[in-house]
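Engineer: Below: one structure in C-alpha cells.
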Amino acid sequence: MDIFGKCMNFNKAHEVIEMGIYPYFQPLSANDGPRVEMNGQETIMLGSNNYLGLTHDPRVIKAALNATKKYGTSCSGSRFMNGTLDLHLELEDKLAKFMKKEAALIFSTGFLANLGAISALAGKDDYIIIDKSDHASIYAGIQAAFGATVKRYKHNDMEDLEKIIK
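With my numbering applied, the sequence shown closes on residue 603, and no number is skipped along the way.
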C-alpha cells in the first residue's frame, strides 16, 4: 500500500476518540493555574509548563498587556531573523545579572532550550550518554549535534550506566 493509502485508511485516532480515551487536544474552559476546567469538570493540572505559577500573577498580566499594546500579538519572525524585540534583550540582560552570569539566552519552550543547548555544546568527537527514556527534546538536540557518539543506558539502571562509562 502506498503512503496515501495508509493515510486514508488510518482510523486509530478516530477509534480512541469514539471510546472517549483520546488524551490530546482537550480544551480547557477555565484555567487558574493549578486547577483547570476540562470537559465541564474541575481538574488538578499536572501537565502544565507553568512551573513558577506566574501566568496569573497580576504584575505579569499587566506587563503582557503593555507589551501587546506596544508590539502587537507577535514578533512576526524568529529570533534569529527578525523577531528579536528589545524586550527579549532586556529580559536576557536582567536574567544574566540575577544569575550573576555574563549573559543569558531565553527560549520559548523547554524543548527548544534542550535542542539549542545540546546541539551547541556537543558535536564531532563528543560522547553523549543518556537514559533511554529521556525526553524527545534531548533526542532532537542530539540529532542536531552532528557527529556526536551517543550511548543509551536502560532507564534508571545505574549498573547499565556504569558498564557504558567503563
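Positions of the beta carbon are idealized from the N, C-alpha and C atoms, including for glycine.
(1) Can you check whether the CB of V473 is closer than 8 Å to the CB of L465?
(2) Can you tell me which of K603, G470 and D523 puts its alpha carbon nearest to the alpha carbon of P630?
(3) Less than 8 Å between the C-beta atoms of A582 and G560, yes or no?
(4) For the beta strand (DSSP E) containing M475, list its first residue and its last residue.
(5) Would N551 pass as a contact of S570 if the rule is Cβ separation under 8 Å?
(6) Counting only runs of 4+ residues fully inside the region 529–586, write out the alpha helix (DSSP H) ranges in chain order.
(7) Which residue marks the beginning of the beta strand (DSSP E) containing L489, and which one marks its end?
(8) Pick helix, strand or coil for T480, following the three-state DSSP scheme.
(9) For L598, report the span of its alpha helix (DSSP H) as first-last.
(10) By the three-class DSSP mapping on this structure, what secondary structure does K588 have?
(11) Could you spell out the range, first to last residue, of the beta strand (DSSP E) harbouring N468?
(12) Please state the DSSP three-state secondary structure of I440.
(13) Could you work out which residue in N476, M445, F447 and D439 is closest to G457 when comparing CA atoms only?
(14) With H, G and I counted as helix, E and B as strand and the rest as coil, what does DSSP make of M456?
Structural biologist: Looking at the coordinates:
(1) yes
(2) Nothing about residue 630 can be reported from this structure: the residues present for the chain run from 438 to 603 only.
(3) yes
(4) R472 to M475
(5) no
(6) 547–558 and 573–581
(7) Per DSSP, L489 belongs to no beta strand (DSSP E) and is neither H nor E.
(8) strand
(9) M595 to I602
(10) Three-state result, K588: strand.
(11) Note, N468: beta strand (DSSP E), L465 to N468.
(12) helix
(13) N476
(14) In the displayed model, M456 falls within a helix according to three-state DSSP.
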